[in-house]
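Colleague: Read in order, the letters of the sequence shown are residues -14 to 235 in our numbering. Take a look at this one; I'll ask things after.
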Amino acid sequence: GTSGVAFNILDGNHNFSAKDDILNVSSGSGDEIYIALDVTGGEWNLTNVSRPDGSGIRILREAGGLGTLNVHWYVDAYVNYTNGTAVSGSNVSARDVFGNLAFSNLTDVNGRIARQIVREYKQTDGGAPIRYSNYTFNASNPSGGLNGSQSWNMSTNRFLTFTLDTGCRDITNNNEVVNLAGNVSSAGTCFTVRANNVTINCNGYMVNYSTDGGSGEYGVYSAGANGTTIKNCRIVEGKAGSMNYASYFF
């Protein structure tokens, strides 16, 4: 029988959308959506729709029942640096298992993107569902360090956090510790230290500076700061220039 279902689609060609719903079916077939054989078409879009326990909805489709069901979930993302600073202007993007771009969105001053919607699967006319997971999510690094990447099965809502290396930059906070998570490079000087008691720990990664071959460029330039520590670094001049040094303390 069809009693107790949340969406009872009996005939014709109908379109509808449902969002942010919990479907609680306590009787009948136990299925949340019923599609009868007299249904001739339609498109039904569900976003953040689940059962009370958070699991996916169940569908009963009679043979011959037509129409397309799309199931979607939310993606929220936050991007910060290893020093805890929110990253503004990071491009967070998602591609499905087929390589199709699902979204591309820049983080705001708080390191967050606008909430996005991605599709878990599509089922048309009773055929096998087309599943779009796993999705690959990437976050670009505006500071020039390594980008972030994650892969997820989008069978539920996801809140993603990307923590990026700060890359080449000016260091202006006293007692800051910079821990590299990958190689970094800069057309000119990579790190300019303008604060006291700064530690740059490359963790064995490479600092590639002066890739433009300019003059007066450095891997690490300590501009009148005291107590600068550089350790576990491979500092390389990207392109030969004049008066360039791996580290320069002034």
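We put the CB at the ideal spot given by N, CA and C, even for glycine.
(1) So within the region 132 to 169, which uninterrupted beta strand (DSSP E) runs reach at least 3 residues, ignoring any that extend past its ends?
(2) Would you kindly check if the distance between the Cβ of Tyr117 and the Cβ of Phe83 is under 9 Å?
(3) Contact defined as beta carbons within less than 8 Å: I believe Asn55 pairs with Asn85. What is the distance between those atoms, to the nearest angstrom?
(4) Let me confirm a value: Arg46 is counted as buried when at least 16 other C-beta atoms fall within 10 Å, else exposed. Which label applies?
(5) My assumption, with CB atoms under 8 Å, is that Arg80 sits in contact with Tyr120. Please give the rounded CB distance.
(6) Look at the alpha carbon of Asn65 and the alpha carbon of Ala71, and state the distance between them as a whole number of angstroms.
(7) Report the partner residues of Glu17 according to the DSSP bridge assignment.
(8) In three-state DSSP terms, what is Phe122?
(9) Throw me the rounded Cβ distance for the Thr213 and Phe234 pair, which I believe falls under 8 Å.
(10) Can we say the region 86 to 104 touches the region 172 to 184, given the rule of at least three CB pairs closer than 8 Å?
(11) Residues in the same chain with beta-carbon distance under 7 Å from Tyr230, minus the five sequence neighbours each way, listed in chain order, please.
(12) Please classify Gly(-14) as buried or exposed, where buried requires at least 16 neighbouring CB atoms within 10 angstroms.
Modeller: In short:
(1) 133 to 137, 143 to 149, 154 to 156 and 162 to 164
(2) yes
(3) Rounded, the Cβ-Cβ distance is 14 Å, inconsistent with contact.
(4) buried
(5) 7 Å
(6) 4 Å
(7) In DSSP, Glu17 forms no bridge with anything.
(8) strand
(9) 7 Å
(10) no
(11) Tyr203
(12) Residue placement at Gly(-14) is poorly supported in this model, since its pLDDT is 40, which falls under 50; the coordinates are not used for a value here.
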